[in-house]
Amino acid sequence: MSSVKKVAKVKTVPYYSVSGAAELCGCREGTIRAAMKTGNLRAVRTIDGRAPLVGAKDLDRWKTAREGRRHDS
0 MSSVKKVAKV
10 KTVPYYSVSG
20 AAELCGCREG
30 TIRAAMKTGN
40 LRAVRTIDGR
50 APLVGAKDLD
60 RWKTAREGRR
70 HDS
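With numbering that gives the first Met the number 0, the residue at position 66 of the sequence shown is 65, and numbering never jumps.
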């Protein structure tokens, strides 16, 4: 797994790009985008209004909730 690059730091809270968040969670980018659409993950826009970023705290909370729902048979 390659290193995940932190995109921006605001008040010492790291933010990740969609691809970085997907890599960190071990899921596809589409899963992250779907979570943003449904409102499960809060997307933070950059200053220029482009690429949405995901806060590390939100990502961590969503990841643990997602793992709790997963049933391994």
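Cβ atoms here follow ideal geometry from the backbone N, Cα and C, with glycine treated the same way.
Spatial neighbours of residue i in its chain, beta-carbon cut-off 6 Å, leaving aside the 5 residues before and after
i, result
"M35", "A42"
"A20", "I31, V53 and L58"
"K62", "C24"
Beta-carbon proximity list for residue i, same chain, < 7 Å, skipping 5 on both sides
i, result
"C26", "none"
"R44", "P51"
Assumed close pair residue i, residue j - CB separation to whole angstroms, cut-off 8 Å
i, j, result
"P13", "A64", "Their Cβ separation, rounded to whole angstroms, is 19 Å, which puts P13 and A64 out of contact at 8 Å."
Residues of its chain near residue i, where Cβ-Cβ distance is below 8 Å and the 5 sequence neighbours each way are ignored
i, result
"S18", "E28"
Uninterrupted alpha helix (DSSP H) stretches inside the stretch 23 to 72 (no shorter than 4 residues): Inside the stretch 23 to 72, DSSP marks whole alpha helix (DSSP H) runs of 4 or more residues at positions 28 to 37 and 55 to 68, from first to last along the chain.
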